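Visitor: Mapping of the sequence shown onto my numbering: residues 4 to 504, in sequence order.
Heads up, the beta-carbon is just placed ideally off N, CA and C, and yes, glycines get one too.
Note that this is a predicted model, so its numbers are computed, not measured.
Have a look at this one before I ask anything.
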Amino acid sequence: MSKDSYAVHWFRRDLRVAGNPALSRMLKEYDGRVVGIFCFDKKFLSRADFSHARFQFFLNTLASLRDELLALGSDLMFCDQGPDEAFERLFQHLRKNGKALPQSLSWNRDYEPYALERDERLQKYFHEEGVHTATERDHVLIEPHEIVKSTKPIGPYQIFTPYSKKWMEQFRTEEVTGRLDQQKKGFSYLRKVKKGNVEKLNNWNWKKVLDKGESAGWEIFEDYRQKNQKLVTIEIPEAGTTAILAQLEHFRQRMDDFAEARDIPSLDGTSRFSIYFKNGSLTSAQAIAYYELHKKPKLTKGEAKFLGELIWREFGYYILTKHPRVEGEAFDDRFKKIDWGNREDWFEAWKAGKTGYPIVDAGMRQLNETGWMHNRVRMIVASFLTKDLHINWQWGEKYFMDKLIDGDLALNNMGWQWAASTGCDAQPYFRIFNPSLQSKKFDPDAKYIKEFVPELKNVAAKAIHNLTELTRPRAYPAPIVSHDKQRLLALELYKVRAKRQ
Ligand SMILES: Cc1cc2nc3c(=O)[nH]c(=O)nc-3n(C[C@H](O)[C@H](O)[C@H](O)COP(=O)(O)OP(=O)(O)OC[C@H]3O[C@@H](n4cnc5c(N)ncnc54)[C@H](O)[C@@H]3O)c2cc1C
Numbered sequence: 004m005s006k007d008s009y010a011v012h013w014f015r016r017d018l019r020v021a022g023n024p025a026l027s028r029m030l031k032e033y034d035g036r037v038v039g040i041f042c043f044d045k046k047f048l049s050r051a052d053f054s055h056a057r058f059q060f061f062l063n064t065l066a067s068l069r070d071e072l073l074a075l076g077s078d079l080m081f082c083d084q085g086p087d088e089a090f091e092r093l094f095q096h097l098r099k100n101g102k103a104l105p106q107s108l109s110w111n112r113d114y115e116p117y118a119l120e121r122d123e124r125l126q127k128y129f130h131e132e133g134v135h136t137a138t139e140r141d142h143v144l145i146e147p148h149e150i151v152k153s154t155k156p157i158g159p160y161q162i163f164t165p166y167s168k169k170w171m172e173q174f175r176t177e178e179v180t181g182r183l184d185q186q187k188k189g190f191s192y193l194r195k196v197k198k199g200n201v202e203k204l205n206n207w208n209w210k211k212v213l214d215k216g217e218s219a220g221w222e223i224f225e226d227y228r229q230k231n232q233k234l235v236t237i238e239i240p241e242a243g244t245t246a247i248l249a250q251l252e253h254f255r256q257r258m259d260d261f262a263e264a265r266d267i268p269s270l271d272g273t274s275r276f277s278i279y280f281k282n283g284s285l286t287s288a289q290a291i292a293y294y295e296l297h298k299k300p301k302l303t304k305g306e307a308k309f310l311g312e313l314i315w316r317e318f319g320y321y322i323l324t325k326h327p328r329v330e331g332e333a334f335d336d337r338f339k340k341i342d343w344g345n346r347e348d349w350f351e352a353w354k355a356g357k358t359g360y361p362i363v364d365a366g367m368r369q370l371n372e373t374g375w376m377h378n379r380v381r382m383i384v385a386s387f388l389t390k391d392l393h394i395n396w397q398w399g400e401k402y403f404m405d406k407l408i409d410g411d412l413a414l415n416n417m418g419w420q421w422a423a424s425t426g427c428d429a430q431p432y433f434r435i436f437n438p439s440l441q442s443k444k445f446d447p448d449a450k451y452i453k454e455f456v457p458e459l460k461n462v463a464a465k466a467i468h469n470l471t472e473l474t475r476p477r478a479y480p481a482p483i484v485s486h487d488k489q490r491l492l493a494l495e496l497y498k499v500r501a502k503r504q
């Protein structure tokens, strides 16, 4: 390989250097002569599920990625066009200026329907241009096509338990544990980054690749960051390596209690990794490797539960890949056309956290104020929207995507279809959460409720779980519906559809 040949790594949802499989492969193959590229894709930015808060967190992560690449002697270029146009322009520019095209282009694979189509198209284009491509797995530990059902009926898994058994079989193979060992090595690099102590590679930057003095698009990035910042109304959590290492360590202390604490929204009992998983500044493989779960013959209760959650995450991508239609419709044919009431005023009350049901309102306010909601409460508010308010789960799915910093098509869709009983391996439609019982069980002292619903601060916990005309403060809304009545109506709505099949 000539010492002038180089590679470009195309960053998408793998915003990190350490343990980035496709980037590491290129750095090795090209002896450090690798530069990064990121394309602001207008199609993506104008998607119905776009969120300013999530984008801001993404931008902050990108800034930290650029710093890491520069520290390494590499570089990151920002383009203001979608990848089709950006790569075409880049190649034209290089040719016009008598410069060499990259010999290889690498990226880590993505499983959303839009991304799969884009990557297939671009791969074809790169090959036509004579550029090699190299792709690796990153976003999941075990890719959907690797989980093959061997029992009848043949076809993809639809139930989580047998899927997770198959997943565990793969997890224990040498191939997977070998990859996890590699990820473990990535952490020594992370620690070096934290100390500002990384060895420089070949100083292969965009100035070298393009004409001297060429901008690598930092002003494009800054323009996006400044414009978007103005539209963000919440505090954005810290992004980047230092924050991630701190969070990994923080959760280590909580792992033992995770199995029980994960269901109590007032506790700091969950990992909060979802925001990093979303943009790939951390992966589940890294989390598993950090705690060396793959090396332990027997996991503790907390570790097993945590690994179980990561398998649920992979199940979400598996379902979306095997059944891309779930992006726009119910997985369960019986419930594609439920006669939803879709009352706008109830939807507004739900969004604002003013339904008169304290646990639901606390959850919605947590979402609006922080961009994150506890998993138990996500289930409660989703059940309430669909089975108490009879509003289409897709309205809720969209609102979550507007607000969640961890908003993720595969997982959000799976969560909503689970709660609405329209998904695969979902909550049966006749099991309807009672919000009062849920709050009594999971927030007995109403600590979580009081944190987000200050109107109830001076009301005793016992009274909060069953507010009456006498105990409800005037500032807090009366219930907009009666759970008991709405529950019966919901059963009818679902039963009618279930019977028609
Ligand atoms: C209606 C609804 C919508 C949801 N939307 C999203 C979403 O847009 N993005 C998202 O990342 N998660 C979503 N979830 C799943 C879950 O609520 C979050 O992953 C979790 O609350 C994130 O917090 P954590 O990182 O502290 O999780 P932890 O409890 O620490 O779990 C560790 C990791 O396991 C995975 N995980 C945990 N619970 C689930 C679950 N129920 N399903 C799939 N994976 C899980 C996540 O990647 C999480 O980061 C949704 C769940 C529901 C019920």
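Between valine 384 and leucine 72, what straight-line distance do the alpha-carbon atoms span, to the nearest angstrom?
Guide: Taking the straight line from one Cα to the other gives about 41 angstroms.
Visitor: Look at the Cβ atom of aspartate 348, then the Cβ atom of glycine 356, and state whether they are nearer than 7 angstroms.
Guide: Not in contact: aspartate 348 and glycine 356 (Cβ atoms no closer than 7 angstroms).
Visitor: Given the structure, does aspartate 411 come close to ligand 1, in the sense that its CB is under 6 angstroms from one of the ligand's heavy atoms?
Guide: Yes, ligand 1 has a heavy atom inside 6 angstroms of this Cβ.
Visitor: Using 7 angstroms as the threshold, is the C-beta distance between proline 86 and leucine 48 below it?
Guide: For proline 86 and leucine 48, no; Cβs fall outside 7 angstroms.
Visitor: Checking the sheet assignment: what are the DSSP bridge partners for methionine 80?
Guide: Note: methionine 80 sits in a beta bridge opposite Ile40.
Visitor: Would you list, in sequence order, the uninterrupted alpha helix (DSSP H) runs of no fewer than 4 residues that lie entirely inside the segment 333 to 394?
Guide: Within the segment 333 to 394, the complete alpha helix (DSSP H) runs of at least 4 residues are 347 to 355, 361 to 373, 378 to 386.
Visitor: In whole angstroms, give me the CA-to-CA distance for glycine 305 and isoleucine 247.
Guide: Going from the Cα of glycine 305 to the Cα of isoleucine 247 covers about 20 angstroms.
Visitor: My understanding is that arginine 112 touches histidine 142, with C-beta atoms under 8 angstroms, so please give their C-beta distance in whole angstroms.
Guide: At roughly 7 angstroms, the Cβ-Cβ gap stays under 8 angstroms, so arginine 112 and histidine 142 are in contact.
Visitor: My output table needs one value for tryptophan 207: the three-state DSSP class, helix, strand or coil.
Guide: The answer is coil: DSSP assigns tryptophan 207 none of H, G, I, E or B.
Visitor: So if DSSP puts alanine 10 in a beta bridge, which residue, or which two residues, is it bridged to?
Guide: Answer by DSSP bridge pairing, in chain order: Val37, Ser107.
Visitor: Is it buried or exposed for tryptophan 221, if we count other Cβ within 10 angstroms and need 16 for buried?
Guide: Exposed.
Visitor: Are leucine 79 and glycine 39 closer than 7 angstroms when you measure CB to CB?
Guide: Contact flag set, yes.
Visitor: Is it the case that the Cβ atoms of glutamine 369 and phenylalanine 433 are separated by a distance below 7 angstroms?
Guide: Cβ atoms of glutamine 369 and phenylalanine 433: not closer than 7 angstroms.
Visitor: Less than 7 angstroms separating the beta-carbons of alanine 429 and glutamine 420?
Guide: A contact, by the Cβ cut-off of 7 angstroms.
Visitor: Leaving out the 5 sequence neighbours to the left and right, which residues in its chain are closer than 6 angstroms to alanine 292 when beta-carbon positions are compared?
Guide: If we look at alanine 292 and ignore the five residues flanking it on each side, its Cβ neighbours are Leu183, Gln186, Lys187.
Visitor: What's the gap between the Cα of isoleucine 223 and the Cα of asparagine 63?
Guide: Those two C-alpha atoms are separated by around 14 angstroms.
Visitor: Do methionine 29 and histidine 55 have their C-beta atoms within less than 7 angstroms of each other?
Guide: No, the pair does not count as a contact, with Cβ atoms beyond the cut-off.
Visitor: Since alanine 288 is in the alpha helix (DSSP H), which residue starts that stretch and which ends it?
Guide: Per DSSP, alanine 288 belongs to the alpha helix (DSSP H) from 287 to 293.
Visitor: For the beta strand (DSSP E) containing threonine 136, list its first residue and its last residue.
Guide: Unbroken beta strand (DSSP E) run through threonine 136: 135 to 139.
Visitor: Please go through the same chain and pick out, in chain order, the residues whose beta-carbon is closer than 6 angstroms to the beta-carbon of glycine 22, but skip the five residues on each side of it.
Guide: Excluding sequence neighbours, glycine 22 sits near Gln186, Gly189, Gln289.
Visitor: Quick one: grab the DSSP three-state call for phenylalanine 58.
Guide: Helix at phenylalanine 58.
Visitor: Which one of Arg36, Gln441, Tyr321 has the shortest CA to CA distance from lysine 203?
Guide: Closest option to lysine 203, Cα to Cα, is Arg36.
Visitor: Pairing CB atoms from the segment 297 to 316 with CB atoms from the segment 251 to 264, are three or more of them under 8 angstroms?
Guide: Yes, the segment 297 to 316 touches the segment 251 to 264.
Visitor: Any heavy atom of ligand 1 closer than 6 angstroms to the Cβ of tryptophan 349?
Guide: Result no, Cβ not under 6 angstroms from ligand 1.
Visitor: At which residues does the alpha helix (DSSP H) containing tyrosine 320 begin and terminate?
Guide: Taken as a continuous stretch (DSSP letters only), the alpha helix (DSSP H) holding tyrosine 320 covers 304 to 325.
Visitor: Which of helix, strand or coil does DSSP assign to asparagine 282?
Guide: If DSSP states are grouped into helix, strand and coil, asparagine 282 belongs with the helices.
Visitor: Comparing the CB of alanine 422 with every heavy atom of ligand 1, is any distance shorter than 6 angstroms?
Guide: Because some heavy atom of ligand 1 lies under 6 angstroms away, the Cβ of alanine 422 counts as near it: yes.
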